[in-house]
Amino acid sequence: MKMKLFFRRIHLYLSLSAGLVILIACATGALLVFEKDLQMSLNKSRYFVKPSSNKMTLEELGRKVQQQVPNSKISSIKVYDAADRSVEINITVPEKKVQKKGAGSVTNLTAFVNPYTGQLLEAYNYRKTFFYKVFALHRWLLGDSKSIGKYIVGIATFIFLFILITGIILWWPKTRNILVQRLKIKQDGGWKRLNHDLHIVLGFYSAIFLFVFAFTGLAWSFEWFNKGIYKVTSSPMAAPPIPKSIYNKTAKPVSTDHALAAAKTVYPEGNFYSITHPKDSIGAITVSVLSNDALHEGATDAVYIDQYAATVLERLPFSERSLGAKVRSTFKPIHTGSIGGTPSKIIAFVVCLLGVSFPITGTIMWWNRTRKKKRAGSLAANKKHQLSEL
Numbered sequence: 001m002k003m004k005l006f007f008r009r010i011h012l013y014l015s016l017s018a019g020l021v022i023l024i025a026c027a028t029g030a031l032l033v034f035e036k037d038l039q040m041s042l043n044k045s046r047y048f049v050k051p052s053s054n055k056m057t058l059e060e061l062g063r064k065v066q067q068q069v070p071n072s073k074i075s076s077i078k079v080y081d082a083a084d085r086s087v088e089i090n091i092t093v094p095e096k097k098v099q100k101k102g103a104g105s106v107t108n109l110t111a112f113v114n115p116y117t118g119q120l121l122e123a124y125n126y127r128k129t130f131f132y133k134v135f136a137l138h139r140w141l142l143g144d145s146k147s148i149g150k151y152i153v154g155i156a157t158f159i160f161l162f163i164l165i166t167g168i169i170l171w172w173p174k175t176r177n178i179l180v181q182r183l184k185i186k187q188d189g190g191w192k193r194l195n196h197d198l199h200i201v202l203g204f205y206s207a208i209f210l211f212v213f214a215f216t217g218l219a220w221s222f223e224w225f226n227k228g229i230y231k232v233t234s235s236p237m238a239a240p241p242i243p244k245s246i247y248n249k250t251a252k253p254v255s256t257d258h259a260l261a262a263a264k265t266v267y268p269e270g271n272f273y274s275i276t277h278p279k280d281s282i283g284a285i286t287v288s289v290l291s292n293d294a295l296h297e298g299a300t301d302a303v304y305i306d307q308y309a310a311t312v313l314e315r316l317p318f319s320e321r322s323l324g325a326k327v328r329s330t331f332k333p334i335h336t337g338s339i340g341g342t343p344s345k346i347i348a349f350v351v352c353l354l355g356v357s358f359p360i361t362g363t364i365m366w367w368n369r370t371r372k373k374k375r376a377g378s379l380a381a382n383k384k385h386q387l388s389e390l
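Be aware that the sequence shown starts at 1, since it is given in our numbering, and climbs by one per residue.
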């Protein structure tokens with residue numbers, strides 16, 4: 001009994017300290033589960049085009065974008081295998097304002113382009129969208145990656161793990177009859193009993209999912225957690241070195257199309273190909289490929305292409321990555337619920353909504369219990385007063 005009381009107090013105090021942040025994280029998490037699906041459904045003209053006979057070359061598409069967005073610089077190009085998908089060209093555009101240090105800041109945009117006509121469908125700035133504000137609230141409480149909000153969310157997430165553990169301890173029944181009661185909601189009870197069951201019963205069913213979402217979320221708040229992943233798996237944290245191109249003063253860099261063609265000799269088919277050019281004269285062109293049978297969205301293969309000869313320097317299949325890298329790559333699809341497609345997204349959405357409700361139903365339970373104790377104390381005091389008057 002004393003242990004139960006101890007865990008109840010721990011559960012209560014931790015919940016009161018982190019409940020609001022947990023509520024915000026769960027609410028914003030629910031909104032972000034179907035972000036990609038909603039974006040593609042509500043903005044079809046951005047993502048989809050009418051297929052035609054011939055596609056323009058990637059070099060031509062790049063020039064079209066730079067003509068329509070002056071002073072833009074291409075950083076990477078993403079090409080989808082589907083004939084009706086637009087090409088995504090990531091560009092940087094200098095801002096008019098100059099930072100105090102003297103270096104000009106840039107804006108990152110994604111240019112969605114019709115691969116058949118070269119038409120710029122949209123110059124998309126994710127930071128200006130509603131979903132980015134939700135994302136910033138979810139990760140940093142509307143701050144940024146270096147703000148105190150990042151650590152507040154991280155600490156609250158860490159506390160949430162202990163709240164879930166103590167919640168299961170408190171839920172654990174002593175008898176079979178109590179077990180049956182705690183596995184279903186009593187619908188014919190009063191509102192207090194209904195609130196109690198919504199917290200206890202639904203809390204049990206969603207606890208394991210909430211624990212997994214919270215646990216994986218720590219990877220974006222604490223560097224020590226990321227290092228721990230590689231430490232536990234006995235894997236090097238640093239990625240394998242990227243091979244170098246054979247530098248030739250007289251040679252010119254190959255086109256993006258030649259680099260893509262070279263990558264397709266290794267991976268002829270893929271959901272998409274993302275081509276990133278090197279930042280210096282000896283780097284290699286990196287082509288990331290998501291195969292059609294990939295385990296998840298982070299399970300990409302990589303091909304490194306000589307930027308002058310368009311020859312394959314090296315390949316790094318996902319299957320040959322270190323165990324630590326494989327484990328870390330699963331964190332995002334697990335955290336967002338996309339690991340199992342639409343069914344797992346639905347589970348993640350429902351569980352996040354339940355996560356919003358638990359701080360509310362828990363607070364109501366605490367408030368009712370507090371009022372009951374005050375009422376009992378008041379009655380005892382009145383009774384004592386009456387006895388003293390006799």
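Ideal placement from N, C-alpha and C gives every residue a C-beta, glycine not left out.
Check your understanding: Is it a yes or a no for the stretch 109-126 touching the stretch 158-170, going by three-plus beta-carbon pairs under 8 Å?
Key -> no
**Study point:** Limits of the alpha helix (DSSP H) - the one that F272 falls within
**Key:** Counting from one through the sequence shown, the residue named residue 272 turns up at place 272. Not the alpha helix (DSSP H): F272 falls in the beta strand (DSSP E), residues 272-276.
Review point. Could you give the distance in angstroms between the alpha-carbon of L353 and the alpha-carbon of F209?
Key: The count along the sequence shown starts at 1 and reaches residue 353 at position 353. The count along the sequence shown starts at 1 and reaches residue 209 at position 209. Rounded to the nearest angstrom, the two C-alpha atoms are 12 Å apart.
Review point. Which of helix, strand or coil does DSSP assign to R9?
Key: Translated into positions along the sequence shown, residue 9 becomes position 9. Of the three classes helix, strand and coil, the one that applies to R9 here is helix, per DSSP.
Point to revise | Beta-bridge partners of D197, as assigned by DSSP | key: Along the sequence shown, read from residue 1 onward, the residue named residue 197 stands at position 197. Answer by DSSP bridge pairing: none, since D197 is not bridged.
Practice item. With R315 as the anchor, note down where its alpha helix (DSSP H) starts and where it stops. Key: By 1-based counting over the sequence shown, the position of residue 315 is 315. From DSSP, R315 is part of no alpha helix (DSSP H) but of the beta strand (DSSP E) over 312-316.
Check your understanding: How about T342 and F318: are their beta carbons less than 8 Å apart?
Key -> As a position in the sequence shown, residue 342 is number 342, starting the count at 1. As a position in the sequence shown, residue 318 is number 318, starting the count at 1. No, they are not a contact pair.
Point to revise | A18 versus Q187: straight-line alpha-carbon distance, rounded | key: Here residue 18 refers to the residue found at position 18 of the sequence shown. Here residue 187 refers to the residue found at position 187 of the sequence shown. Their backbone Cα atoms lie some 30 Å apart in a straight line.
Practice item. Use the C-beta contact count for F130: other C-beta atoms within 10 angstroms, 16 or more gives buried, fewer gives exposed. Key: Your numbering for residue 130 matches position 130 in the sequence shown. Its Cβ having fewer than 16 others within 10 Å, F130 is exposed.
Practice item. Hey, could you find the ends of the alpha helix (DSSP H) T166 is sitting in? Key: Locating residue 166 in the sequence shown gives position 166, where the first residue counts as 1. First-last of the alpha helix (DSSP H) with T166: 148-171.
Check your understanding: Are L42 and V113 touching if we call contact CB-CB under 8 Å?
Key -> On the sequence shown, position 42 is the one that residue 42 refers to. On the sequence shown, position 113 is the one that residue 113 refers to. No.
Check your understanding: Between which two residues does the beta strand (DSSP E) harbouring E59 extend?
Key -> The residue you call residue 59 lines up with position 59 of the sequence shown. Note, E59: premise wrong, no beta strand (DSSP E); alpha helix (DSSP H) at 58-68.
Point to revise | Per DSSP, the bridge partner or partners of W115 | key: If you number the sequence shown from 1, residue 115 lands on position 115. The amino acid occupying residue 115 in the given sequence is Pro; Trp does not appear at that position. Answer is none; P115 lacks a bridge partner.
Exercise for review: Can you have a look at A238 and say buried or exposed, based on whether 16 or more other CB atoms are within 10 angstroms of its CB?
Suggested key: Translated into the one-based positions of the sequence shown, residue 238 becomes position 238. Counting Cβ neighbours within 10 Å, A238 comes out exposed, since fewer than 16 surround it.
Review point. L316 to L290, Cα distance in whole Å?
Key: Here the question's residue 316 lines up with position 316 in the sequence shown. Here the question's residue 290 lines up with position 290 in the sequence shown. When rounded, the distance between both Cα atoms is 12 Å.
**Study point:** Beta-carbon proximity list for V69, same chain, < 8 Å, skipping 5 on both sides
**Key:** As a working mapping, residue 69 is identified with position 69 in the sequence shown. Cβ within range, chain order: I91, V93, L109, A111, L120, A123.
Exercise for review: Name the one or two DSSP bridge partners that L202 has.
Suggested key: Translated into the one-based positions of the sequence shown, residue 202 becomes position 202. DSSP lists no partner for L202.
Point to revise | Cut-off 7 Å between Cβ atoms - residues of its own chain near F21, not counting five sequence neighbours on either side | key: To locate residue 21, count along the sequence shown from 1; it is residue 21. Looking at the sequence provided, one finds Val at residue 21 rather than Phe. Once the five neighbours on either side are set aside, the close Cβ partners of V21 are I152, V153, A156.
Exercise for review: Just tell me which of N292, M3, K279 has its CA closest to the CA of Y80.
Suggested key: Numbered from 1 along the sequence shown, position 80 holds the residue referred to as residue 80. Per the Cα distances, N292.
Practice item. Just the C-alpha distance for Y230 and Y247, rounded to the nearest angstrom, thanks. Key: As a first step, residue 230 is located in the sequence shown; it is residue number 230 there, counting from the start. As a first step, residue 247 is located in the sequence shown; it is residue number 247 there, counting from the start. If you take the alpha carbons of Y230 and Y247, they lie about 34 Å apart.
Practice item. List the residues that DSSP assigns as beta-bridge partners of R85. Key: Residue 85 sits at position 85 when you count from the first residue of the sequence shown. R85 pairs with F48.
Practice item. Could you tell me if T175 is buried or exposed, where buried requires 16 or more neighbouring beta carbons within 10 angstroms of its beta carbon? Key: The residue labelled residue 175 in the question sits at position 175 within the sequence shown. Answer is exposed; the Cβ neighbour count stays below 16.
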